[in-house]
Structures are given as C-alpha cells and as structure tokens.
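Q: The following block contains the structure, expressed as structure tokens.
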Amino acid sequence: MFDDSSHHIWGPPDLPSYLKNVYDLKPIVGTPSDEEIIGIHAVIRVANKVADVQGIGDPKLLPQLLEYLFEVQMAKYQSRYLGAMFPESFTYTPPSLPVHVEVRLESITGAPSDEEIGKVHEATRSYQQFANADAKSTHKTTLISFVFDLKTFSSVVI
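Right under this line is the structure:
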C-alpha cells in the first residue's frame with residue numbers, strides 16, 4: 470500500500486559546534502515533528518550564512534543538510550498524504566500567518582494551480598521581509614512545508 474515511516478531513522482550530518490548551538494540535530498525516528506523541521510531550517514539558515522567564510526564554512530555540509538531536510542520533509546509528507554484513498558480530492562490547509570502578511574491563503578483541494586503555488590510563494594516572500602528577528606521562525610517553516618506539500622502532490626499527480 471504505502472511506506473510506513475514509523476520504523477525509519479533519518480540521521481543528520483555531523484555538525485560543527487557553532488551549528489549545534491543553533492539546534493542540535495538528532496536522528497529522527499518515525500514521523501518528524503514540526504519542531505525538528507524548524508530546527509533543521511534554523512541550522513540551514515546559519516550554515517548558509519557561513520558557507521563561504523574561509524576557515525568556518527564547509528562546502529559539503531550545506532548540500533548534506535539540504536538532502537537531510539528533503540528526506541525529513543518527504544517522510545512528513547508521506548505520513549500525511551500517501552495513504553489517502555483519492556489524493557485528487559485531498560484538501561491542503563495553509564498555516565496561519567501573522568497579521569503583517571497581507572496575502573491571504575485559502576485551502577486547496579486536489580492539484581494546486583500555478584496561481585495558487587505563486588500565492589504561497591508571495592506569502593513566503595512577504596513574511597521574509599519581517600522574519601529576520603526570529604531565527605527559528607515557525608511561520609516561515611510551515612509556509613515552506615506547505616509549498617513542499619503542494620509541489621510534491623503536483624509532481625505525483627501530473
């Protein structure tokens with residue numbers, strides 16, 4: 470039927486101490502939590518900022534972190550949607566957004582249109598203008614996860 474992720478373990482790459490201080494990534498057993506995904510995003514943001522700093526940045530680490538994030542997001546997606554009997558009738562509910570984000574997202578049933586995906590990207594860009602204050606931003610991470618879910622569904626259906 471579908472792959473049960475409850476028995477899988479996703480291991481993160483080894484992190485230098487300065488990234489462990491941002492969020493100490495541990496192996497994830499089963500379906501990843503929102504907090505674990507938020508932590509991965511926080512580590513990626515800092516790793517991205519220092520990627521080109523000589524003596525600190527590791528050019529291999531960022532791709533490893535991005536691959537780890539993809540695997541974890543896929544596991545989360547599969548736990549939510551892969552068992553759906555009729556995925557084309559599944560409804561994707563957007564996350565709540567802070568009031569300063571003027572873009573209003575609505576639930577999407579079935580395969581999202583390019584316009585609907587564009588609107589989610591617009592909301593993400595709008596939020597990013599104000600997001601620098603919080604390195605572990607829940608809103609930004611849930612928006613990114615929402616985009617991931619929509620794009621994954623689109624690639625499966627189309």
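Numbering (this note's numbering), first residue to last: 470 to 627.
Don't be surprised by glycine CBs; every beta carbon is placed ideally from N, CA and C.
1. Could you say if the segment 589-597 and the segment 566-580 meet the contact criterion of at least three C-beta pairs nearer than 8 Å?
2. Span of the alpha helix (DSSP H) holding residue 539?
3. Looking at C-alpha atoms only, which residue of 529, 484, 565 is the closest neighbour of residue 614?
4. Residue range of the alpha helix (DSSP H) that residue 579 falls in?
5. Is residue 563 near the ligand ADP, going by C-beta to nearest heavy atom under 7 Å?
6. Considering only DSSP beta bridges, list what residue 560 is partnered with.
7. Taking one C-beta from the segment 498-507 and one from the segment 532-552 each time, how about it: are there three or more such pairs within less than 8 Å?
8. Pull up the CB-CB distance for residue 482 and residue 537, whole angstroms please, since I reckon it's below 8 Å.
9. Assign residue 508 to one of two classes, buried (16 or more other C-beta atoms within 10 Å of its C-beta) or exposed (fewer than that).
10. So is residue 534 buried or exposed if we call it buried at 16+ other beta carbons inside 10 Å?
A: Answer, in terms of the structure:
1. yes
2. In the DSSP annotation of this structure, the continuous segment of the alpha helix (DSSP H) that includes residue 539 starts and ends at 530-550.
3. 565
4. No alpha helix (DSSP H) holds residue 579; DSSP gives it neither H nor E.
5. Among the components of this structure there are no ligands whatsoever, and the ligand ADP is therefore not found.
6. 578
7. Result yes; three or more Cβ-Cβ pairs closer than 8 Å.
8. Residue 482 to residue 537, Cβ: 6 Å. Contact.
9. Flag for residue 508 reads buried.
10. buried
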